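Q: Chains as they are written, first to last, in the numbering used here: chain A, 1 to 500; chain B, 1 to 500.
Ideal placement from N, C-alpha and C gives every residue a C-beta, glycine not left out.
Please read all numbers here as calculations on a predicted model, not as lab measurements.
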């Protein structure tokens, strides 16, 4: 049996402290599978003697390992390698960065878990529409977190008002003023992200069997909520300037829905936007047919080509629009914070639904984000993210203009985080996903954004550029486009086969 | 018109910095209503001149006011008193401390908003079953928060695994081992509090019209979820040792429910516990009739009189029990964190429901709490809370033994946070609530814990001692008991009136 101490060599002249060296080396041995789960590590006394280092060095390294989840201690028996943690830790880490996004669905997870989409650290990730962790303003957020803890102490951790911490509702109203949406803190409901907002509205307004209108394709997370609520989805094909108003009115008359769900600006997944003219008409229809509209303001702030779309809420004279805003795309998705502007007529039901859902959103996070806005960090950071995304947008659309084969249809969205490619009819998207994955390029197949299965909808893909570093964009798009081109050629040659 | 500067006097010899004095004085003027919303404050230059202080003093005071939400600035126009914040701030603060609890329902809110229950800072609060903010381990939590930010940086804020951060699932399993519940990190689903757990299970298992069995009375937040889901509630009267097994089997046969919701130990609101014998039988029935059981482990750890109840999950051989645990009562309710142990057969549905609900629980909070457990803070703090609550329990039961009038029935629960008083039939609980509130004593009327309205259920109240300082308990209980006694006397004298 090999002594663990034999596997550890120190660089005694290095500037890296010995305990860090020991910690790093043990971590390697665990990650690499040399030390498997539930193996007992040597005692502190034994290891310090064998390695010729101070006991404190070993104690500190073990403590670090434990804090990082690599080992655990049983009082009185010693230190053990964590059970199954590291087996899954690597995948886990990759999943965090590459997959766990709002498009995660069982179907998509299935592709990954079955190895149909492989994940490596070098993957170029067009699947995730969220910022990479290196863009998060962690230092500024740390400042406000500590200031709030100092200021509010225990009050930050008590039960909070279900509608939300009052000062943050005030701060939000001030920020919104700049986006031309006027509102009052009393109209605001704080939520743990847009996903929860959709869930709460569904609880407040939908009963089993009720109809809801959605665009088609649309955000998979919204479809999941409406289905889970037992609602019937009447989906309307989304055109480049929004849904057809005729089809919409026909559908409303036929199904008498209570609710319509739309992402009017830079829609997810298509990037399409509803024209300002259609927005006005949409509001008129809502008024005429007594309908509430969920306006999912996904990323309307990311207007890169001066399209100047008006939020539905800014034109909402008859209080029909529920405006939902997430901070996941501009700020930090793991924070789980967002808000809704709720029409007065349904506010009571909404607060009650929020209370039944999770009582309130974390008080600490609400208070910290409030201070983040009040200190001016938010304005600074949203401008920073706008610039980052704009650069990625331009790089991506340029690469597409350069490399895209002729049979592929795409419309420049002018903003947002997503681009929708429509491939030739009958194109094998699953095969494309697999081939690209083998070349370390991942993206979302279009079919996961549809609420019903129809074969004509299977020839699309969504490219998100939010997570892709500028230096990888051209290579990624070129590889994707070449693969499409090659598959097309093959397909053509099949098609051109003489009929026997 | 009065100059604001005339209302401000400094104590120039005081050790309190001038900017703090200015901040405090302006705060008073705003809170007191002298400066009303949207009033413009004097310019920094003007005020510093009038007051004879450095500009930096005024700037700093204004900044503090802004950070606390008392004022806001419009770039280029100046500083203004916050719109309506302070009008509601005082009530808001009181509500946070006194009312916003898991028993908050529209009905209860109605009592408060209509002044039927008055709230003052000197109220003795038997309505809230949660710890007061002074008991929260804010300093230790600050340590782990900062360590996590240092260690994980942006990764703490990315999308997280919907099932939960793996290391915390591991830590939880280790903590649970001490409570004799064995489980595997893969069986754990992290949730944003027990309320969300109940909501997610309902999404995963209940369709509109499905039956669910609950105890009667029970936790009002659970009733709200089941009703919101469109489920039919079959409620079974809770006896002092649990539901009658005969009634339970009869009800199962009649309604064929999918799910049973129970708080077996120190139930909320009654404090009653299911006997260990009945627990075994309950599991047998679940197995026989293909039923899942939600075991809401509210406060089983608070066993003050050595009752040694066994968690259902610890005896659950056929994987029928969904074990839900909140950290709101022992730790900090505003954290919004808890977990479930989920039977393998429904785990996929549960993860999907969690994703549709809010994608994931805050990554920062999960990581910080994981480290809190790993550093041993949790063991220390839960022991601390146990001792605090035990003292309050003993003081409350002693006071009841001493003061309770003869017509009131109550059973010593032996643990938990709640005591249930059954008043004589026909007793006017609403009147009692009002009279006590006028004497600054608040508590929850029993009727809010019932899913159906039946007049015989209206003569009970719930006393929670979690939030009441030991020195106030005897006075509070004595006043309550005397009021009950006086009302009873009056009632008796009515009853004794000769029939004409």
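Considering just the uninterrupted stretch of the alpha helix (DSSP H) at residue 146/B, what are its terminal residues?
A: On the second chain, position 146 is the one that residue 146/B refers to. Taken as a continuous stretch (DSSP letters only), the alpha helix (DSSP H) holding residue 146/B covers 138-152.
Q: Can you tell me where the beta strand (DSSP E) holding residue 260/A begins and where it ends?
A: In the first chain, residue 260/A corresponds to position 260, counting from 1. Here the beta strand (DSSP E) through residue 260/A covers 259-262.
Q: Roughly how many whole angstroms lie between the Cα atoms of residue 489/B and residue 405/B?
A: Within the second chain, residue 489/B is the residue found at index 489, counting from 1. Within the second chain, residue 405/B is the residue found at index 405, counting from 1. One C-alpha to the other measures close to 10 Å.
Q: Grab me the residues of residue 211/B's own chain with a C-beta within less than 6 Å of its C-beta, minus the 5 sequence neighbours each way, in chain order.
A: Position 211 of the second chain, counting from 1, holds the residue named residue 211/B. For residue 211/B, where only same-chain residues beyond five positions count, the Cβ hits under 6 Å are 232, 234, 255, 257.
Q: Spatial neighbours of residue 181/A within its chain, please: C-beta separation below 8 Å, excluding the five flanking residues on both sides.
A: Counting from 1 along the first chain, the entry for residue 181/A is found at position 181. So the list reads 311, 313, 314, 323, 341, once near-sequence residues are dropped.
Q: Is any beta-carbon of chain A found at less than 8 Å from that of residue 138/B?
A: Walking along the second chain from the start, residue 138/B turns up at place 138. Taking Cβ atoms only, chain A reaches closer than 8 Å to residue 138/B, which makes this a yes.
Q: For residue 225/B, which residues in chain A fall below 7 Å Cβ to Cβ?
A: Along the second chain, read from residue 1 onward, the residue named residue 225/B stands at position 225. Chain A residues near residue 225/B: 356.
Q: For the beta strand (DSSP E) that residue 468/B lies in, which residues bound it at each end?
A: As a working mapping, residue 468/B is identified with position 468 in the second chain. No beta strand (DSSP E) holds residue 468/B; DSSP gives it neither H nor E.
Q: How would you list, in chain order, the residues of chain A whose beta-carbon sits under 8 Å from the beta-carbon of residue 207/B?
A: Numbered from 1 along the second chain, position 207 holds the residue referred to as residue 207/B. Neighbours of residue 207/B on chain A, chain order: 208, 230.
Q: For residue 369/A and chain B, any beta-carbon pair shorter than 8 Å?
A: To locate residue 369/A, count along the first chain from 1; it is residue 369. False, the Cβ-Cβ gap to chain B never drops below 8 Å.
Q: Run through the DSSP bridge pairs and tell me what residue 239/B is partnered with.
A: Your numbering for residue 239/B matches position 239 in the second chain. The partner list for residue 239/B (beta bridge, DSSP) reads 242/B.
Q: Below 8 Å on C-beta distance, what does residue 365/B contact in chain A?
A: Translated into the one-based positions of the second chain, residue 365/B becomes position 365. Ordered by position in chain A, the residues that pass the 8 Å Cβ test against residue 365/B are 362, 364, 365.
Q: In whole angstroms, what is the alpha-carbon distance linking residue 394/A and residue 470/A?
A: Indexing the first chain from 1 puts residue 394/A at position 394. Indexing the first chain from 1 puts residue 470/A at position 470. Spanning the alpha carbons of residue 394/A and residue 470/A requires a straight line of approximately 10 Å.
Q: Run through DSSP, which three-state label would residue 461/B get?
A: Walking along the second chain from the start, residue 461/B turns up at place 461. Strand, per DSSP.
Q: Do you know how far the Cα of residue 474/A is from the Cα of residue 439/A?
A: Numbered from 1 along the first chain, position 439 holds the residue referred to as residue 439/A. Numbered from 1 along the first chain, position 474 holds the residue referred to as residue 474/A. Between residue 439/A and residue 474/A, the C-alpha separation is close to 14 Å.
Q: Any idea what DSSP makes of residue 129/A, helix, strand or coil?
A: Taking the first residue of the first chain as 1, we reach residue 129/A at position 129. Note: residue 129/A maps to coil in three-state DSSP.
Q: In three-state DSSP terms, what is residue 385/B?
A: Position 385 of the second chain, counted from the start, is the residue given in the question as residue 385/B. Looking at residue 385/B - three-state DSSP - the assignment turns out to be helix.
Q: Closest to residue 307/A by C-alpha separation, out of 364/A, 366/A, 241/A, would be which residue?
A: Translated into positions along the first chain, residue 307/A becomes position 307. Nearest of 364/A, 366/A, 241/A to residue 307/A, Cα basis: 241/A.
Q: Counting only C-beta atoms, is residue 127/A closer than 8 Å to chain B at any point?
A: Numbered from 1 along the first chain, position 127 holds the residue referred to as residue 127/A. Closer than 8 Å: no.
Q: So, is the C-beta of residue 67/B closer than 8 Å to a C-beta in chain A?
A: On the second chain, residue 67/B is found 67 positions in, with the first residue counted as 1. Chain A, which has a Cβ nearer than 8 Å to the Cβ of residue 67/B, makes this yes.
Q: For residue 381/A, which residues of its own chain have a beta-carbon under 6 Å away from its beta-carbon, when the five flanking residues on both sides are left out?
A: Locating residue 381/A in the first chain gives position 381, counting from the first residue. For residue 381/A, where only same-chain residues beyond five positions count, the Cβ hits under 6 Å are 137.
Q: How would you label residue 425/A, buried or exposed, when you count the other beta carbons within 10 angstroms and need 16 or more for buried?
A: Within the first chain, numbered from 1, the residue matching residue 425/A stands at position 425. By the C-beta density criterion, residue 425/A is exposed, having fewer than 16 other C-beta atoms within 10 angstroms.
Q: Here's a check: name, in chain order, each residue in its chain whose Cβ is nearer than 6 Å to the Cβ of residue 86/B, leaving out the five neighbours to either side.
A: In the second chain, the residue the question calls residue 86/B occupies position 86. For residue 86/B, the predicted structure reports a pLDDT of 36, less than 50, and the residue's modelled location is therefore unreliable. The matter cannot be settled from this model.
Q: How about residue 339/A and residue 325/A: are their beta carbons less than 8 Å apart?
A: Indexing the first chain from 1 puts residue 339/A at position 339. Indexing the first chain from 1 puts residue 325/A at position 325. In this structure, residue 325/A lies closer than 8 Å to residue 339/A by Cβ.
Q: Does the beta carbon of residue 170/B come closer than 8 Å to any beta carbon on chain A?
A: Looking up residue 170/B in the second chain gives position 170. Closer than 8 Å to some Cβ of chain A, the Cβ of residue 170/B qualifies, so yes.
Q: Candidates 67/B, 70/B, 69/B, 45/B: which alpha carbon is nearest residue 58/B's?
A: Residue 58/B sits at position 58 when you count from the first residue of the second chain. For residue 58/B, the nearest C-alpha among the options comes from 45/B.
Q: Beta-carbon of residue 158/B versus every beta-carbon of chain A: anything under 8 Å?
A: For the purposes of this step, residue 158/B is taken as residue 158 along the second chain, with counting starting at 1. Output row for residue 158/B: interface = yes.
Q: Compare the C-beta of residue 26/B against all C-beta atoms of chain A and say whether one is closer than 8 Å.
A: Locating residue 26/B in the second chain gives position 26, counting from the first residue. It does not; no Cβ of chain A falls within 8 Å.
Q: What is the DSSP secondary structure of residue 310/B, counted as helix, strand or coil?
A: In the second chain, counting from the first residue as 1, residue 310/B sits at position 310. In the structure shown, residue 310/B sits in coil (DSSP, three-state: anything other than H, G, I, E or B).
Q: Look at residue 37/A and residue 68/A and say whether their C-beta atoms are less than 8 Å apart.
A: Locating residue 37/A in the first chain gives position 37, counting from the first residue. Locating residue 68/A in the first chain gives position 68, counting from the first residue. No; because the gap between Cβ atoms is not below 8 Å, this pair is not in contact.
Q: Cutting at 6 Å between CB atoms, please list the residues of its own chain near residue 402/A, excluding the five before and the five after it.
A: Counting from 1 along the first chain, the entry for residue 402/A is found at position 402. Cβ neighbours of residue 402/A beyond the five flanking positions: none.
Q: In chain B, which residues lie with their C-beta within 8 Å of the C-beta of residue 199/A?
A: For the purposes of this step, residue 199/A is taken as residue 199 along the first chain, with counting starting at 1. Taking the beta carbon of residue 199/A as reference, the chain B residues within 8 Å of it are 356, 357, 358, listed in sequence order.
Q: Answer yes or no: does any C-beta atom of chain B fall closer than 8 Å to that of residue 22/A?
A: Residue mapping note: residue 22/A aligns to position 22 of the first chain, counting from 1. Closer than 8 Å: no.
Q: Roughly how many angstroms lie between the CA atoms of residue 486/B and residue 392/B, to the nearest whole one?
A: Stepping through the second chain from its first residue, residue 486/B is reached at position 486. Stepping through the second chain from its first residue, residue 392/B is reached at position 392. Cα to Cα, residue 486/B sits roughly 26 Å from residue 392/B.
Q: At least one CB of chain B closer than 8 Å to the CB of residue 234/A: is that the case?
A: Residue 234/A sits at position 234 when you count from the first residue of the first chain. So no, residue 234/A is outside the interface.
Q: Taking CB distances under 8 Å as the criterion, tell me whether residue 142/A reaches chain B.
A: What you label residue 142/A is simply residue 142 of the first chain in a count that begins at 1. It does: the Cβ of residue 142/A has a partner Cβ on chain B nearer than 8 Å.
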